[in-house]
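Heads up: the structure comes next, in structure tokens.
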Amino acid sequence: MSHRLITADRVVTAPGEPVVPHGAVLVDGDTIVAVGTAADLEPVARDAERWDVRGGTVQPGLLNAHVHLSFRVDDDPVPSLRDRDHDALRRAIAANARACVEAGVTTVRDLGDRDGLVSAFRDDVAAGRADGPRVLTAQSPLTVAGGHCWFLGGEIDVDAHPSDVVLAIRDAVTRRAAAGADVIKVMAGGGRMTPSGAPMWQSQFGLRDLRAVVDAAAGHGLPVAAHAHGTHAMGLAARAGVTTIEHGGWHTAPGPDGGTAHFCDDAVAEAIAASGAVVVPTRFRGWRDWPADAGLQGQIDRTHWSRGHGIAMIAGNDAGVGRGWFDDLTDALTYYRAAGVPAAEVLDMATTGAAAALGVGDRTGRLAPGLAADVLAVGGDPLADTDALRDVRGVLAAGRAVRTPA
């Protein structure tokens, strides 16, 4: 790595901050050392390698708050996860991470893998032994016996004596902390991927046990991510004090026809907003194909309703599950634009706001001296058209050039 001067028609240091026209970013190794106009920085960077992104924008690298690097994109990724050996899974993790970073995602949060393999990959990236985004990992999620994603190895018998359950939770959290987890994930509710477990609208853990997870994690300085599709589980997670609520679909028990049902509960929304928990609605590729009368308009209405209740949201697409592709976080972002969220707020959901919510705002999410050189260069202007994020011209991940402008 060396000095690089990246110039473009505009530099977005952070959504909501003034755009720097004819701007430049100067990088030394893995660190940003200056941001300003090209006219100001060119004289002090005469010997730097040059990236000139004409007609384009330089901005912070993106963050994807919800991925599964060891999964294969599929409606049912479980068989491939279960049947592949460690070498095959390591290759998949590296390939999926590469797809993320080549698309401009320089930080990912992995919320469930097998046997701690993603933790090892994270360490390889940090040490420069592998190319990829910065990785935050939860290792195996905590779940109830036979519950959602039990096959990842995080089962806890919540039907045991109450004191034994709390001790088991503390032990499980301590083991993950000792193994280097960056975040603790708990399956507060059920999910579609585990037919034998609770349905996605139903809670799995009670408030006492969720609080035990949060308290144990806090003892190790770790945040908690709670998987919760259902309204009830979302409310419990907020009251327990989790850091993020994953999916947050406002699901409730099906009606007489057995179809999917939703319940937007004002009290739950107020609890989430008051707690400071951030919701990660996992939008993914294909949302445009949903007929308005078969779910899309309802999704948009719930997005508006949630924002109106003061609920903060950041971007994640559940990459590795369903149609959550590792190279297409942008498709999730375009959903929010279609739902009427201003472009600057959409970009914040995947940069500055996401970095703050994930606890890495002191390292990334903005372009500023002293922060990591996580830099994305795109054609066009993402503050005018979110789809501009698809036109990736160059990517630096902690200063390492992943894609270079032609």
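Going by our numbering, the first residue of the sequence shown is number 344, and it counts up by one from there.
No residue lacks a Cβ here, since even glycine has one placed at the ideal position from N, Cα and C.
Quantities reported herein were computed from a predicted structural model and do not represent experimental measurements.
- The Cβ atoms of Glu589 and Ala561 lie no closer than 8 angstroms to each other.
- Taking 4 residues as the shortest admissible run, the stretch 390-445 contains the following complete alpha helix (DSSP H) segments, listed from N- to C-terminal end: 421-426 and 429-445.
- If only complete runs of 4 or more residues are kept, the stretch 633-677 shows the alpha helix (DSSP H) at 639-651, in order along the chain.
- Going by beta carbons, Val745 and Val487 fall outside the 8 angstroms limit.
- Around the beta carbon of Pro725, 16 or more other beta carbons lie within 10 angstroms, which makes this residue buried.
- At a cut-off of 4 residues, the continuous stretches assigned as alpha helix (DSSP H) that sit fully inside the stretch 558-618 are 574-583 and 609-618.
- DSSP places Thr695 inside the alpha helix (DSSP H), whose first and last residues are Thr695 to Ala700.
- Looking at the DSSP output, Ser546 sits in a beta bridge with Gly532.
- Contact between Asp458 and Leu412 does not hold, since their C-beta atoms are separated by about 13 angstroms, which reaches or exceeds 8 angstroms.
- Separation of the CB atoms of Arg733 and Pro748 is rounded to 15 angstroms, and the pair is thereby denied contact status at 8 angstroms.
- Around the Cβ of Gln402, a 10 Å sphere holds 16 or more other Cβ atoms; the residue is buried.
- Around the beta carbon of Arg397, fewer than 16 other beta carbons sit within 10 angstroms, so the residue counts as exposed.
- Here Pro484 is buried: its Cβ has 16 or more other Cβ atoms, across all protein chains shown, within 10 Å.
- Per DSSP, the continuous beta strand (DSSP E) segment holding Arg477 begins and ends at Arg477 to Thr480.
- Shown here, Val387 sits in a helix according to DSSP, grouped into three states.
- Taken atom to atom, the span from the alpha-carbon of Val368 to that of Val362 is near 13 angstroms.
- Glu360 carries a coil assignment under DSSP once its states are collapsed to helix, strand and coil.
- Here Gly534 really is in contact with Cys492; their C-beta atoms are around 7 angstroms apart, less than 8 angstroms.
- Distance between Ala727 and Thr586, taken at the CA atoms: about 31 angstroms.
- For Leu719, no alpha helix (DSSP H) encloses it; the enclosing beta strand (DSSP E) starts and ends at Val718 to Gly722.
- Ala604 and Leu406 have their C-alpha atoms spaced approximately 31 angstroms apart.
- Between Arg554 and Ala531, the alpha-carbon positions lie close to 11 angstroms from each other.
- In the DSSP assignment, Thr517 falls within the alpha helix (DSSP H) that extends over Pro505 to Ala521.
- A straight-line Cα-Cα distance of about 42 angstroms links Ala438 and Asp600.
- Between Trp544 and His594, the C-beta gap is smaller than 8 angstroms, which places the two residues in contact.
- For Val461, no beta strand (DSSP E) segment is defined; the enclosing uninterrupted segment is the alpha helix (DSSP H) at Leu460 to Ala469.
- In the three-state DSSP reduction, Ala687 falls in the helix class (H, G or I).
- Rounded to the nearest angstrom, the gap between the Cα atoms of Thr480 and Ala520 is 11 angstroms.
- About 7 angstroms separates the Cβ atoms of Asp717 and Leu739, confirming a contact at the 8 angstroms cut-off.
- Secondary structure of Ala488 (DSSP, three-state): coil.
- In the DSSP assignment, Ala351 is bridged to Gly366 and Val396.
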